[in-house]
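Oh and the sequence shown: position 24 is 25 in the numbering used here, straight run, nothing missing.
One structure is given below, encoded as structure tokens.
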Amino acid sequence: MIMLKDNHHDFCGGIALAVQRTKDYLKAKGKDLKIEVETRNLKEVEEALEAGVDRIMLDNMSTEEMRQAVSLINGRCETEASGGITQETLLSIAQTGVDYISM
């Protein structure tokens, strides 16, 4: 899996461009790898969905934002919560419906 972090899509001029450049690179190299995109807000989640990624990382979002993102994604790709997660917040984050949690 290839992860595109916020600095990658900022550098490329947006999530759609970063994902497209990554897909073009993978195709040129004959590679079949999944693409994960780090997102910071619901607008970026929508952009990642439109770009057709395999996993969306919900980075430093509140549990309410995560719930909204999981609802928006609606099973179209995998989800991962990341950033500032502690043992104390783990259960509430798991209850948002994300597929994976990074600590």
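Backbone N, C-alpha and C define an ideal beta-carbon position, used for all residues, glycine too.
Source: prediction; values computed, not measured.
(request) Indicate the three-state DSSP secondary structure (helix, strand or coil) for residue 58 in the structure shown. (result) Here residue 58 refers to the residue found at position 57 when the sequence shown is read from its first residue. Strand, per DSSP.
(request) With distances taken Cα to Cα, identify the nearest neighbour of residue 100 among 87, 69, 58 and 90. (result) One-based indexing of the sequence shown puts residue 100 at position 99. Distance check between residue 100 and each of 87, 69, 58 and 90 places 58 closest, using alpha-carbon atoms only.
(message) On the CB-based measure, 16 or more other CB atoms within 10 Å of its CB, does residue 1 come out buried or exposed?
(response) The structure shown does not extend to residue 1, since the chain is modelled only from 2 through 104, so no value can be given for it.
(message) Quick check on residue 93: does DSSP put it in helix, strand or coil?
(response) Position 92 of the sequence shown, counted from the start, is the residue given in the question as residue 93. Helix at residue 93.
(request) Please name the residue, chosen from 29, 28, 49 and 32, that lies closest to residue 18 on a Cα-to-Cα basis. (result) As a first step, residue 18 must be located in the sequence shown, where it is residue number 17. Ranking the options by Cα distance to residue 18, first place goes to 49.
(message) I'd like to know if residue 57 contacts chain B, where contact means its C-beta is closer than 8 Å to some C-beta of that chain.
(response) Chain labels in this structure do not include chain B; a single protein chain is all it has.
(request) Would you kindly check if the distance between the Cβ of residue 86 and the Cβ of residue 46 is under 8 Å? (result) As a working mapping, residue 46 is identified with position 45 in the sequence shown. As a working mapping, residue 86 is identified with position 85 in the sequence shown. Not closer than 8 Å, so no.
(request) Go ahead and pull the three-state DSSP assignment for residue 4. (result) Residue mapping note: residue 4 aligns to position 3 of the sequence shown, counting from 1. In the three-state scheme derived from DSSP, where H, G and I count as helix and E and B as strand, residue 4 is classed as strand.
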